[in-house]
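S.K.: Sharing a structure, written as structure tokens. Questions coming.
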Amino acid sequence: MRLASHPKYSSGGSERQMDLIGQYLIKKNVDIHFIINKTNKTHKEIEEINGIKVHTIGKPRYYKKYRKGKDFFQIINGTDSSLFYKHLFKYNFDIYHLSGADFITGIWAFYSRIIKKKKFVFTAVSTLDCEKNGFGWSKTTNQVYKYGIQHADQVVVLADCMKKEMYKNFNINSIVIKSGHPIPNGVIKKNDPPMILWISRLNKLKYPDLFIKIFEELKDLNAKFVLIGSGSYMKNELIKFSKKYSNFTYIPGVKQYIDNVYYAKASLLISTSSIEGFPNAFIQAWMYKTPVISLNIDPDDVISNYNLGFHAKGNFQKLIDTIKDLIENPSKIKDISNNCRDYAIANHDIKRTSNQYYSLYKKLLH
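Letter 16 of the sequence shown, counting from 1, is numbered 15 in numbering that gives the first Met the number 0, and no numbers are missing.
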């Protein structure tokens with residue numbers, strides 16, 4: 000499997016998801032290797048983490064600028080694609096699995112299918128992965144990516160809405176395997192006063208600035224606002240802002256799996272993102288009986304159809320009014336909370352997700 004990083008070094012949802020699946024599969028005696036980009040100088044070339052062999056290649060660099068380049072060989076060098084290619088010649092894996100759209104999708108497809116004559120699986124993790132030029136890459140990068148997904152033995156998506164887009168834009172019949180998470184045990188006790196949580200990577204598409212605006216509208220509520228975000232985007236502004244108010248806390252990222260502590264304590268999870276696939280944060284929140292209040296995102300309309308929170312459909316004032324109403328009337332949150340957990344357990348148990356991947360791998364090898 001190839002990831003941009005391992006959750007030991009990154010709190011990203013796709014990295015977390017593949018790690019959870021990998022940990023489950025090693026219990027079935029599957030030999031799992033992760034190939035990751037080097038994001039800092041402390042990475043070891045190879046290490047074993049929870050039974051998974053993690054290989055780090057390349058050097059720390061800003062990959063995004065290379066994906067917009069036009070010269071094929073410059074992109075190869077800039078994205079460490081040649082190093083992946085050389086590194087993988089050392090091994091003879093049965094299946095190569097890539098998560099998330101990238102230039103290297105095409106490199107992996109060519110390497111695994113043409114050179115090694117092995118199976119290649121691609122998982123789309125965002126709706127942008129299903130669009131022809133969702134990321135604004137160069138024509139060269141888009142063509143290589145398109146080659147990769149169209150030559151995959153199987154393309155996997157996280158939701159039915161992504162499946163439709165993948166077929167419409169690339170004529171690919173993908174399959175849906177929903178993301179999964181462990182089912183938490185024990186009593187779930189919420190904070191008092193209630194916690195209103197925002198948790199994600201800090202970047203423009205996630206709109207952390209809107210959470211600040213939400214706080215400014217509702218700062219007189221009897222509630223604690225917590226923003227957890229890894230990355231440098233708006234980091235300095237958030238540090239300064241959090242010092243002004245006792246009921247607004249900024250946490251610059253948390254270690255892997257520690258974030259579940261916050262999902263468990265939170266009364267509401269707020270989403271201001273403009274683009275997602277099926278957010279892992281939603282699933283983790285629901286596992287801990289935490290409704291999701293989303294400005295823009297409702298994959299497959301599950302929030303609306305299963306009463307898992309509220310989808311504002313882009314209406315910021317409705318978002319504000321709903322948060323205020325729920326915090327002032329906590330009995331309404333309790334009515335929704337059980338729906339959240341029941342839905343998450345029925346649809347997003349990591350055992351079910353992992354078994355679906357295990358069945359897919361076995362099918363491809365026979």
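We treat Cβ as the ideally placed atom computed from N, Cα and C, and that holds for glycine.
Going by the CB atoms, is the gap between SER272 and ILE204 shorter than 8 Å?
M.R.: Here residue 204 refers to the residue found at position 205 when the sequence shown is read from its first residue. Here residue 272 refers to the residue found at position 273 when the sequence shown is read from its first residue. Per the sequence presented here, residue 204 reads as Leu, with Ile not at that position. The answer is yes: Cβ separation under 8 Å.
S.K.: Count the other C-beta atoms from every protein chain shown that fall within 10 angstroms of the C-beta of GLN316, then say buried if there are 16 or more, exposed otherwise.
M.R.: Position 317 of the sequence shown, counted from the start, is the residue given in the question as residue 316. Flag for GLN316 reads exposed.
S.K.: On a Cα-Cα basis, can you pick out the residue from ASP101, LYS288, TYR95 that is closest to ARG378?
M.R.: Since the first residue of the chain shown is 0 and the last is 365, residue 378 is not available in this structure.
S.K.: Taking the C-alpha atoms as reference points, what is the distance between MET368 and ILE182?
M.R.: Residue coverage of the chain in this structure runs from 0 to 365, which leaves residue 368 outside it and unanswerable.
S.K.: Rounded to whole angstroms, what is the Cα-Cα separation between MET194 and MET17?
M.R.: Counting from 1 along the sequence shown, the entry for residue 194 is found at position 195. Counting from 1 along the sequence shown, the entry for residue 17 is found at position 18. Computed Cα separation, rounded: 29 Å.
S.K.: How many Å lie between ASN221 and PHE92 at the Cα?
M.R.: Along the sequence shown, read from residue 1 onward, the residue named residue 221 stands at position 222. Along the sequence shown, read from residue 1 onward, the residue named residue 92 stands at position 93. Their backbone Cα atoms lie some 55 Å apart in a straight line.
S.K.: Considering only residues of the same chain and omitting the five flanking positions on each side of HIS5, which have a CB-CB separation below 7 Å?
M.R.: Position 6 of the sequence shown, counted from the first residue, corresponds to residue 5. With a pLDDT of 41 at HIS5, under the threshold of 50, the modelled position of this residue cannot be trusted; read the value that follows with caution. Once the five neighbours on either side are set aside, the close Cβ partners of HIS5 are GLU14, ASP18, PHE33, ILE35, ILE48, VAL53.
S.K.: Under the DSSP definition of a beta bridge, which residues are partnered with LEU226?
M.R.: For the purposes of this step, residue 226 is taken as residue 227 along the sequence shown, with counting starting at 1. The partner list for LEU226 (beta bridge, DSSP) reads TRP197, TYR249.
S.K.: If we count the other Cβ atoms within 10 Å of its Cβ and call it buried at 16 or more, is TYR249 buried or exposed?
M.R.: In the sequence shown, the residue the question calls residue 249 occupies position 250. Result: buried.
S.K.: Which whole runs of the alpha helix (DSSP H) in the segment 83 to 124 are 4 residues long or more, in chain order?
M.R.: DSSP runs (the alpha helix (DSSP H)) wholly in the segment 83 to 124: 103 to 108.
S.K.: Under 7 Å Cβ to Cβ from GLU216, same chain only, skipping five residues before and after it: list those, please.
M.R.: Within the sequence shown, residue 216 is the residue found at index 217, counting from 1. Cβ neighbours of GLU216 beyond the five flanking positions: ILE319.
S.K.: So what does DSSP say about ALA265, is it helix, strand or coil?
M.R.: Numbered from its first residue, the sequence shown carries residue 265 at position 266. Strand at ALA265.
S.K.: To the nearest whole angstrom, what separates the beta carbons of ILE227 and ILE198, a pair I think is in contact under 8 Å?
M.R.: Position 228 of the sequence shown, counted from the start, is the residue given in the question as residue 227. Position 199 of the sequence shown, counted from the start, is the residue given in the question as residue 198. That belief holds up - the Cβ atoms of ILE227 and ILE198 are roughly 4 Å apart, short of 8 Å.
S.K.: Can you tell me whether GLY147 is helix, strand or coil according to DSSP?
M.R.: Locating residue 147 in the sequence shown gives position 148, where the first residue counts as 1. Looking at GLY147 - three-state DSSP - the assignment turns out to be helix.
S.K.: Could you have a look at GLU130 and say whether DSSP puts it in helix, strand or coil?
M.R.: Taking the sequence shown and counting its residues from 1, one reaches residue 130 at position 131. Looking at GLU130 - three-state DSSP - the assignment turns out to be coil, as it is neither helix nor strand.
S.K.: In whole angstroms, what is the alpha-carbon distance linking LEU237 and PHE109?
M.R.: Numbered from its first residue, the sequence shown carries residue 237 at position 238. Numbered from its first residue, the sequence shown carries residue 109 at position 110. Going by the C-alpha atoms only, they are around 43 Å apart.
S.K.: Helix, strand or coil for GLY185? Go by DSSP, reduced to three states.
M.R.: Within the sequence shown, the letter at position 186 stands for residue 185. The answer is coil: DSSP assigns GLY185 none of H, G, I, E or B.
S.K.: Is the CB-CB distance between ASP348 and GLY179 below 8 Å?
M.R.: One-based indexing of the sequence shown puts residue 348 at position 349. One-based indexing of the sequence shown puts residue 179 at position 180. Result yes, Cβ atoms of ASP348 and GLY179 sit closer than 8 Å.
S.K.: Verify whether the separation of the beta carbon atoms of ASN337 and LYS288 is less than 8 Å.
M.R.: Here residue 337 refers to the residue found at position 338 when the sequence shown is read from its first residue. Here residue 288 refers to the residue found at position 289 when the sequence shown is read from its first residue. In contact: ASN337 and LYS288 (Cβ atoms closer than 8 Å).
S.K.: For GLY179, does the three-state DSSP call read helix, strand or coil?
M.R.: The count along the sequence shown starts at 1 and reaches residue 179 at position 180. Of the three classes helix, strand and coil, the one that applies to GLY179 here is coil, per DSSP.
S.K.: Here's a check: name, in chain order, each residue in its chain whose Cβ is nearer than 7 Å to the Cβ of GLY105, leaving out the five neighbours to either side.
M.R.: On the sequence shown, residue 105 is found 106 positions in, with the first residue counted as 1. Correct list, in chain order: VAL143, TYR144, TYR146, GLY147.
S.K.: Secondary structure at ASP348, three-state DSSP: helix, strand or coil?
M.R.: The residue given as residue 348 occupies position 349 in the sequence shown. Three-state DSSP puts ASP348 in a strand.
S.K.: Which residues bound the alpha helix (DSSP H) around LYS234?
M.R.: Here residue 234 refers to the residue found at position 235 of the sequence shown. Taken as a continuous stretch (DSSP letters only), the alpha helix (DSSP H) holding LYS234 covers 234 to 241.
S.K.: Just checking my contact of LEU201 with TYR232 at CB under 8 Å: how many whole Å lie between their CB atoms?
M.R.: Walking along the sequence shown from the start, residue 201 turns up at place 202. Walking along the sequence shown from the start, residue 232 turns up at place 233. About 4 Å; that satisfies the 8 Å criterion.
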